[in-house]
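Residue numbers (the UniProt record's numbering), protein chains in the order written: chain A, 1 to 158; chain B, 1 to 505. Structure record follows, encoded as structure tokens.
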């Protein structure tokens, strides 16, 4: 859905971030707003943010690259996050992740060749009493076994 | 007819939305007048989706309900669990902080007020700053985020600092595996957090607050954001808190997937829009915190416990507990366990009682091998340590920590060398990079554990030495506490570190 959109212009970027400039500590809210709009943080946003916040471009880049959430390129049409943390591991999350990635023929952070799905690791979704857990486009799923995972993959067309 | 179907994300992860949809459809088809309430969870995740039907006898629970059971439920043919409050797992708890969680509609402020909400804040509005701080000190409340620092002492430092602006920052970056108490209370009783932050603001003279909530919790973000809006409309937040003429307002901020931002100084950097690197202490955040101003940084459970203390009195709260661990602990029983969920009780139960008696042993039915207490930076406890009472000092003496009180149970299929390696790997991925022992040490730790796995006996003393360095030399708990899971795995489960060596001999 995001992948074929034209690159955003400086004006469009300013339109998204400028309303947030009066916040205390506005950079993270701005980055979230950009990713919300385009599905990733466009490279063209770096000089704009640097200008608005009176920061160096390197500083802005440093913040974007520090956080796991911010992407520098579009993800697939759907994003599946599989929890890799201890509670999920105690219920077989490692095997689940391995078989899922194998079925899709991709690695962590990879996107299926039809562009339907990106798979990312996540460390804890707070579903530790109904592990193993996953999240599909912001929707959490608990006690995921192979059958449930197959249903998820079919639903997103992966 | 009033029916409750939890809107908590764990309940939703187990199909609560489908059950709610089926109920609404079926009720409409039958022309029944059903009022559907999306409450929080009662914490019995093992029974979710736990549907409750309001009857003259009380709220009757139905566990693990599926959408195709809905017609039977409405016909009265489904086997129930009786009154929810009488379910043994629930009845055995002392629910102070979580008293309303699962009981009320989380976004109904009148429902909140009808169940004791705002009593604490109204009382605090009649007290001086010093009296408020003293009440918290007298309660014995210690920070529930993990470090266990006395909350009242922190507040006193901020209250006595002179500054044009002070802040209340709520640490809701609950990244520890095995913990979900913050998520549950925010989703189930968000006004309680708002009330606790407002009391904190009155106590230390702060007019602004922030909740730093992790992006992995979209449901919690949604609910709390709505609750803040409602609180503002209803005059709980704003320039004139409950008509007192005193100001307090707050905002919800979303994290961005960095585990280290649960550390208070890196959280503050992140909130300011910087890389989430750790700051050296001193200066303490209490004196120079958010934007350099005096700041209270408290965990969600600490802040949501504040209204309880002001509603019932410091002494009532302090009367629960063990030794210097006062009040209740919100145990989160998780992982490979039969009856997982949130169990609030006075400090003092033993680890074995929690795992076997309350948790019912493993979900797989195999023997318990290890329990990691306190998140990814907590020790792996052996069943020989099951006599240890749940208390800060008691766990410390066993080479462990309580942390945010999450327990992850593992059965006998777990390979402890692999878990030790994972702890180092996790530290390497999540290290903020500021200090060398954590940044480099974690990478070397993975390599050293791989050498042990390949049968190199010299690597064991090297790992021990490396852990000492990380423990003593790291700036924060990420590098400093990663040795807890690693060394406890090595010490308590030596067989898992010897297999390959023996095979080679």
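Here a beta-carbon is modelled for each residue, glycine too, at the ideal position from N, C-alpha and C. Predicted, not measured: the structure shown is a model, and the values here were computed from it.
- For the stretch 40 to 70 of chain A, the beta-carbon criterion of a distance under 7 Å to any beta-carbon of chain B is satisfied by 62, 63, 66, 67, 68, 69, 70.
- Closest option to residue 45/A, judged by alpha-carbon separation, among 7/A, 99/A, 66/A: 7/A.
- Using a Cβ-Cβ cut-off of 7 Å, residue 125/A is close to 216 of chain B, given in chain order.
- Rounded to whole angstroms, the gap between the alpha carbons of residue 27/B and residue 5/B is 14 Å.
- A contact between stretches requires three or more CB pairs, one per stretch, nearer than 8 Å, and the stretch 131 to 148 of chain B meets this requirement with the stretch 309 to 321 of chain B.
- Every alpha helix (DSSP H) stretch that sits fully inside the stretch 229 to 304 of chain B and reaches 4 residues is listed by chain position as 264 to 271.
- Remark: C-beta atoms of residue 39/B and residue 102/B approach each other more closely than 8 Å.
- In the DSSP assignment, residue 111/B falls outside any beta strand (DSSP E) and within the unbroken alpha helix (DSSP H) covering 109 to 114.
- Excluding five sequence positions before and after residue 180/B, the CB atoms of its chain that fall closer than 8 Å to its own CB belong to 10, 174, 332, 334, 342, 406, given in chain order.
- For residue 345/B, the closest alpha carbon among the candidates 15/B, 43/B, 29/B, 24/B is that of 43/B.
- Contacts with chain B (Cβ-Cβ distance below 9 Å) from the stretch 71 to 91 of chain A involve 81, 83, 84, 85, 86, 87, 88, 89, 90, 91, listed in chain order.
- Pairing residue 29/A with residue 75/A, the inter-Cα distance amounts to about 20 Å.
- Separation of the CB atoms of residue 325/B and residue 151/B is rounded to 13 Å, and the pair is thereby denied contact status at 8 Å.
- At a cut-off of 4 residues, the continuous stretches assigned as alpha helix (DSSP H) that sit fully inside the stretch 101 to 178 of chain B are 109 to 114, 119 to 125, 129 to 139, 151 to 160.
- Secondary structure at residue 37/B: strand, using DSSP grouped into helix, strand and coil.
- Per the C-alpha coordinates, the member of 498/B, 92/B, 427/B, 411/B positioned closest to residue 417/B is 498/B.
- Here the C-alpha atom of residue 354/B lies approximately 35 Å from the C-alpha atom of residue 462/B.
- Considering only 31/B, 265/B, 447/B, 296/B, the residue with the shortest C-alpha distance to residue 277/B is 265/B.
- Note on residue 81/A: 16 or more other CB atoms within 10 angstroms of its CB, so buried under the neighbour-count rule.
- Spanning the alpha carbons of residue 134/A and residue 445/B requires a straight line of approximately 29 Å.
- In the DSSP assignment, residue 422/B forms no beta bridge with any residue.
- Residue 209/B sits away from residue 241/B, with the two beta carbons spaced by 8 Å or more.
- Where residue 315/B is concerned, the enclosing alpha helix (DSSP H) starts and stops at 314 to 318.
- If you check the CB distance, residue 404/B and residue 374/B come in under 8 Å.
- For residue 361/B and residue 178/B, the gap between their C-alpha atoms comes out near 16 Å.
- When Cβ-Cβ separations below 8 Å define contact, residue 28/A makes contact with chain B.
- Checking the DSSP bridge columns, you'll see residue 194/B has no partner listed.
- Listed in chain order, the beta strand (DSSP E) runs fully inside the stretch 11 to 93 of chain B are 35 to 37, 51 to 55, 58 to 62, counting runs of at least 3 residues.
- 115/A is the residue among 103/A, 115/A, 110/A, 102/A whose C-alpha sits nearest the C-alpha of residue 77/A.
- Among the CB atoms of chain B, none fall inside 8 Å of the CB of residue 110/A.
- Taking 8 Å as the upper bound for CB-CB distance, residue 252/B and residue 225/B are in contact here, some 5 Å apart.
- Interface flag for residue 151/A against chain B is unset, since no Cβ pair is found closer than 8 Å.
- Residue pairing of residue 151/A in beta bridges, as defined by DSSP: absent, with no partner found.
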